[in-house]
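Trainee:
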Amino acid sequence: MAKKDISPEDQEDKEIIKAYRKLLKSARYSQTEEDVRKIRKAFDIANESHKGVRRKSGEAYIFHPLEVAQIIAEEVGLGTTSIVCALLHDVVEDTSLTIDDIEDYFGPTEARIIDGLTKIEEVFERENSIQAVNFRKIILTLADDIRVVLVKLADRLHNMRTLESMRKDKQLKIASETLYIYAPLAHRLGLHALKSELEDLALKYKAPQVYGEITSKLKKTSAVRTRFINQFTLPIRQELDRQGIKYRIQGRPKSVFSIYTKMKNQKVEFEEVYDIFAIRIILNVKEDVEKAECWKVYSTATDFYKPNPDRLRDWISTPRANGYESLHTTVMSPGGRWVEVQIRTERMDAVAERGLAAHWKYKDKRSDALDSWMSRIREVLETSSSNPVEFVDDFKLNLFAKEIFVFTPKGQIRSMPHNSTVLDFAYEIHSEIGDLCIGAKVSQKMVSPGHTLSSGNQVEIITSKAQRPKAEWLEFATTSKAKTSIKNYLKIERKKIVAQGKTTIGRAMKKYSIKRTSKNFQILSTFYGVNHTDDMFYKIGIEDIHLNRLSRLKVEDGIITSKPRRKKETTLDQIMATTKGKKSDFVLGKDSAVNYILSKCCHPIPGDDVVGFVTNKGHMEIHRVSCDNTVKLLSNYGYRAVKAKWDSNETLSFLSGMLIKGFDRKGMVNDITKIISNDMLVNIRSINFTTENGIFEGNITVFVNDTGHLKSVKEKIRALKGVNSVSRLE
Ligand code: MN
20 MAKKDISPED
30 QEDKEIIKAY
40 RKLLKSARYS
50 QTEEDVRKIR
60 KAFDIANESH
70 KGVRRKSGEA
80 YIFHPLEVAQ
90 IIAEEVGLGT
100 TSIVCALLHD
110 VVEDTSLTID
120 DIEDYFGPTE
130 ARIIDGLTKI
140 EEVFERENSI
150 QAVNFRKIIL
160 TLADDIRVVL
170 VKLADRLHNM
180 RTLESMRKDK
190 QLKIASETLY
200 IYAPLAHRLG
210 LHALKSELED
220 LALKYKAPQV
230 YGEITSKLKK
240 TSAVRTRFIN
250 QFTLPIRQEL
260 DRQGIKYRIQ
270 GRPKSVFSIY
280 TKMKNQKVEF
290 EEVYDIFAIR
300 IILNVKEDVE
310 KAECWKVYST
320 ATDFYKPNPD
330 RLRDWISTPR
340 ANGYESLHTT
350 VMSPGGRWVE
360 VQIRTERMDA
370 VAERGLAAHW
380 KYKDKRSDAL
390 DSWMSRIREV
400 LETSSSNPVE
410 FVDDFKLNLF
420 AKEIFVFTPK
430 GQIRSMPHNS
440 TVLDFAYEIH
450 SEIGDLCIGA
460 KVSQKMVSPG
470 HTLSSGNQVE
480 IITSKAQRPK
490 AEWLEFATTS
500 KAKTSIKNYL
510 KIERKKIVAQ
520 GKTTIGRAMK
530 KYSIKRTSKN
540 FQILSTFYGV
550 NHTDDMFYKI
560 GIEDIHLNRL
570 SRLKVEDGII
580 TSKPRRKKET
590 TLDQIMATTK
600 GKKSDFVLGK
610 DSAVNYILSK
620 CCHPIPGDDV
630 VGFVTNKGHM
640 EIHRVSCDNT
650 VKLLSNYGYR
660 AVKAKWDSNE
670 TLSFLSGMLI
680 KGFDRKGMVN
690 DITKIISNDM
700 LVNIRSINFT
710 TENGIFEGNI
720 TVFVNDTGHL
730 KSVKEKIRAL
740 KGVNSVSRLE
């Protein structure tokens with residue numbers, strides 16, 4: 020047969036079929052003929068509907084749903100229904116197909132899941148949408164059918180993997196969103212591998228420089244790490260082999276993102292964190308002996324290395340709320356380094372990496388923990404406050420929280436977030452118990468509602484009928500359930516006071532023959548210097564506003580004719596008008612179009628990647644792209660962000676702080692200040708040194724021109740004898 024030339028179209032069709040075949044192979048729980056027929060049908064419909072459409076990268080659109088389905092099948096490990104929905108996740112949103120069509124083709128379950136996915140998509144696409152609102156939508160659908168969220172997470176993962184072809188500002192927005200919403204969600208669902216990849220990819224676009232530095236340093240140090248792991252595990256391996264235990268050992272370094280977070284939070288350099296990693300021993304044993312076998316391996320490991328008694332974590336006897344099971348210990352290696360050893364079985368490892376999907380796979384009896392977590396989410400949703408940003412913050416508090424276990428007087432065990440207080444526990448039992456809480460008996464001692472609980476405490480809440488929730492309680496309530504209950508109570512209280520205030524001013528107005536029109540109420544609000552009439556009523560209710568000033572107003576026919584001075588108008592709209600539509604970046608320098616301030620949270624200096632935000636007060640605030648507040652601001656108020664860059668022609672001085680750590684010696688402070696002021700000719704604004712047990716910590720703020728300048732100062736100081744680390748203060 021003659022060889023024919025293959026056209027690019029044919030080549031692409033071949034690639035599509037290849038991707039489809041790979042998907043079928045990965046769908047290990049879709050083995051029946053019926054399963055394959057359904058997946059085939061979904062693929063055909065998706066392929067037909069997206070025909071001719073291309074993604075920004077230029078490839079045919081169908082590759083995207085195929086990849087999302089691939090993640091769902093292979094990395095999350097879900098079954099046919101989820102694969103079908105992943106293949107069809109964009110058809111209702113992007114093509115002429117409707118939810119009813121899906122229901123006709125497949126059934127009500129698939130239709131409901133795709134409906135959920137389409138609804139999330141719709142809010143996300145809206146340009147000025149506030150991310151917190153979207154987050155709430157996602158959580159709401161999560162309570163409906165968890166598969167909606169899992170497909171959405173897979174969709175986001177593929178979009179992050181292919182973010183390269185998007186515009187720079189879109190990249191930043193999507194990466195911020197990923198860190199703000201999706202990674203915590205993946206974490207809470209126990210999808211560890213997915214969460215790590217999302218975080219690393221987000222960092223890659225948010226802080227490309229730092230990301231590149233850490234990745235290349237990790238590569239350079241990998242041989243040293245491997246050697247250390249081999250040496251460290253050798254005696255353990257020999258002993259386990261002798262005992263005939265089947266196992267494998269992993270010695271993975273931390274993810275790029277977790278190294279970055281550690282460097283930032285502890286203000287240390289890469290060299291101080293890169294070699295901290297966990298050794299994981301994964302056992303291949305039968306389910307009925309797994310606990311005993313894990314402890315056997317623990318005993319072996321600690322025969323060779325001394326464990327730190329404070330760092331023993333038994334997540335096997337009491338798994339975490341997201342289902343995580345593992346035995347953790349930290350031991351001392353011969354080189355004087357702490358090494359975390361994690362011991363678990365293959366089943367536990369699958370749960371840890373792929374979360375609840377693995378629960379389903381193993382038909383785990385222990386998924387009670389997950390059920391109770393889901394019901395907690397529903398509770399939060401039902402009692403939550405109306406402000407979406409507040410909602411997300413409260414919710415995230417709970418997402419990240421570590422857990423403690425406390426006991427009721429009857430000996431029932433309850434899991435609570437780390438740092439929970441007596442008040443949290445009271446609200447956890449019942450909101451009425453919380454409202455009336457005056458303290459508790461913890462281990463026979465009386466403690467206040469603000470007392471922080473620890474694992475193992477037995478807690479008996481004491482109530483009083485005369486007790487009422489107070490605003491100060493919000494300071495020591497930490498769970499969202501407690502917080503929302505208190506806020507709800509205070510809100511109802513406030514309503515009562517507002518009503519009282521309204522009656523009071525109504526009476527006073529009658530006395531001065533002022534009509535109770537909304538116009539008059541507005542003038543009065545301005546007169547008393549408050550923004551809303553409700554605020555005025557409230558202040559009257561708590562007697563913060565006194566009504567005798569009413570006599571000063573001029574009134575004609577019941578209408579106030581005096582014109583109280585108004586507050587200055589906000590210039591927010593003016594600034595938006597100045598910067599909007601401008602293609603070029605907002606330039607920071609003497610000739611800037613509007614006034615700006617450098618944010619106090621991250622102290623940006625020239626050379627830093629920066630973003631501008633128009634604040635409520637009407638000025639421009641400049642933040643570093645790496646600043647935590649930027650993530651929050653970008654994902655919630657993206658429409659107020661303005662691209663900004665530094666004027667490269669100007670040399671100005673900027674304030675920046677450094678933290679220096681090391682061993683104290685005679686003349687140390689002198690040497691440091693000498694380098695800064697004499698050698699580098701940099702002005703010092705403030706300096707503060709403390710020494711404890713021969714270790715010193717120095718806080719110095721200096722005036723520098725840009726990041727390059729700061730870097731060379733840092734390097735010179737680091738070269739001094741006795742100095743261990745120099746880092747920039749956030
Ligand atoms: Mn998609």
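Residue numbers (my numbering): 20 to 749.
Beta carbons: idealized from backbone N, C-alpha and C, even for Gly.
Just verifying my parser: in three-state terms, what is the DSSP assignment at Glu78?
Mentor: Coil at Glu78, not helix or strand.
Trainee: Expressed to the nearest angstrom, what Euclidean distance is found between the alpha-carbon atoms of Ile255 and Phe323?
Mentor: Spanning the two alpha carbons is a distance of roughly 8 Å.
Trainee: Can you have a look at Leu302 and say buried or exposed, based on whether 16 or more other CB atoms are within 10 angstroms of its CB?
Mentor: Leu302 should be labelled buried.
Trainee: Less than 7 Å between C-beta atoms, sequence neighbours within five positions excluded: which residues of the same chain meet that for Lys733?
Mentor: Answer for Lys733: Met677, Val745, listed in chain order.
Trainee: Suppose only complete runs of 4+ residues qualify. What are the alpha helix (DSSP H) ranges in the region 527 to 566, listed by chain order?
Mentor: DSSP runs (the alpha helix (DSSP H)) wholly in the region 527 to 566: 537 to 546, 552 to 560.
Trainee: Measure how close the beta-carbons of Glu365 and His347 come, nearest whole angstrom, since I'm counting them as under 8 Å.
Mentor: Not confirmed; about 17 Å, so no contact.
Trainee: So the candidates are His642, Lys534, Asp219; which of them puts its Cα closest to the Cα of Asp627?
Mentor: Nearest option by C-alpha distance: His642.
Trainee: What's the gap between the Cα of Ile362 and the Cα of His622?
Mentor: When rounded, the distance between both Cα atoms is 43 Å.
Trainee: Is Val304 a contact residue of ligand 1, with contact defined as CB to any heavy atom under 7 Å?
Mentor: No, ligand 1 has no heavy atom inside 7 Å of this Cβ.
Trainee: Which same chain residues, not among the five before or five after Ala205, have their C-beta less than 7 Å away from its C-beta?
Mentor: Once the five neighbours on either side are set aside, the close Cβ partners of Ala205 are Leu172, Leu213, Lys214, Leu217.
Trainee: Once DSSP output is grouped into helix, strand and coil, what is the label at Val111?
Mentor: It is helical.
Trainee: Counting only the same chain and skipping the five closest in sequence on each side, list residues whose C-beta sits under 7 Å from that of Ser439.
Mentor: Closer than 7 Å at the Cβ level, and outside the excluded window around Ser439, lie Ile423, Leu472, Thr497, Thr498.
Trainee: Which term fits Thr709, buried or exposed, when burial requires 16 or more other beta carbons within 10 angstroms of its beta carbon?
Mentor: Burial call: exposed.
Trainee: In terms of DSSP beta bridges, what is His642 paired with?
Mentor: His642 is bridged to Val630.
Trainee: Given this structure, state the Cα-to-Cα distance separating Asp443 from Met555, to the nearest angstrom.
Mentor: Their Cα atoms are separated by approximately 33 Å.
Trainee: Should Asp134 be counted as a contact of ligand 1 given a C-beta to heavy atom distance under 7 Å?
Mentor: Answer for Asp134: no, Cβ out of range of ligand 1.
Trainee: Tell me which residues share the same chain as Arg704 and place their Cβ nearer than 7 Å to its Cβ, disregarding the 5 neighbours each side in the sequence.
Mentor: The answer, listed in chain order, is Leu674, Thr720, Val721, Phe722.
Trainee: Just to confirm, are Trp492 and Ile481 a CB contact at a threshold of 8 Å?
Mentor: The answer is no: Cβ separation not under 8 Å.
Trainee: Are three or more beta carbon pairs between the region 680 to 690 and the region 723 to 730 nearer than 8 Å?
Mentor: As far as the Cβ criterion goes, the region 680 to 690 does not touch the region 723 to 730, which means the pair count is below three.
Trainee: Please state whether DSSP places Asp779 in a helix, a strand or coil.
Mentor: For the chain, the structure presents residues 20 to 749; residue 779 sits outside this window and is missing.
Trainee: Comparing alpha-carbon positions, which option in Asp260, Ile268, Arg207 lies nearest Gly342?
Mentor: The option with the nearest alpha carbon to Gly342 is Arg207.
Trainee: Please state whether DSSP places Val606 in a helix, a strand or coil.
Mentor: Val606 falls in the strand class under three-state DSSP.
Trainee: Taking the beta strand (DSSP E) that Thr710 belongs to, which residues open and close that run?
Mentor: From DSSP, the beta strand (DSSP E) with Thr710 extends over 702 to 711.
Trainee: Skipping 5 residues on each side, what residues in its chain have a beta carbon closer than 6 Å to that of Lys586?
Mentor: Reliability of the predicted coordinates at Lys586 is poor, the pLDDT of 45 falling under 50, and no value is obtained from them.
Trainee: Would you identify the three-state DSSP class for Lys33, choosing helix, strand or coil?
Mentor: Helix.
Trainee: Quick check on the DSSP output: the beta strand (DSSP E) that includes Ala660 runs from which residue to which?
Mentor: Element bounds for Ala660: 660 to 665.
Trainee: Report the option in Leu116, Val111, Ile64, Lys305 whose CA atom is closest to the CA atom of Ile264.
Mentor: Residue Lys305 is the option with its Cα nearest to Ile264.
Trainee: I want to check one thing, is the minimum distance from the CB of His108 to the heavy atoms of ligand 1 below 7 Å?
Mentor: Correct: His108 has its Cβ closer than 7 Å to ligand 1.
Trainee: Report the three-state DSSP secondary structure of Asp333 (helix, strand or coil).
Mentor: Correct three-state label for Asp333: strand.
Trainee: Smallest Cα separation from Lys553: which of Leu652, Ile81, Lys514, Ile298?
Mentor: It is worth fixing the name first, because residue 553 is Asp in this sequence and not Lys. Out of Leu652, Ile81, Lys514, Ile298, Lys514 has the C-alpha closest to the C-alpha of Asp553.
Trainee: Would you check if the distance between the CB atom of Cys620 and the CB atom of Asn648 is smaller than 8 Å?
Mentor: The answer is yes: Cβ separation under 8 Å.
Trainee: Is the beta carbon of Leu106 less than 8 Å from the beta carbon of Ala65?
Mentor: Yes, they are a contact pair.
Trainee: Note the first and the last residue of the continuous alpha helix (DSSP H) segment covering Asn284.
Mentor: Per DSSP, Asn284 belongs to the alpha helix (DSSP H) from 275 to 285.
Trainee: On the premise that Asn718 lies in contact with Asn702, defined as a C-beta separation below 8 Å, what is that separation, rounded to the nearest angstrom?
Mentor: Contact doesn't hold; Cβ gap of about 16 Å is too wide.
Trainee: Distance, Cα to Cα, Val466 vs Phe426?
Mentor: Cα to Cα, Val466 sits roughly 16 Å from Phe426.
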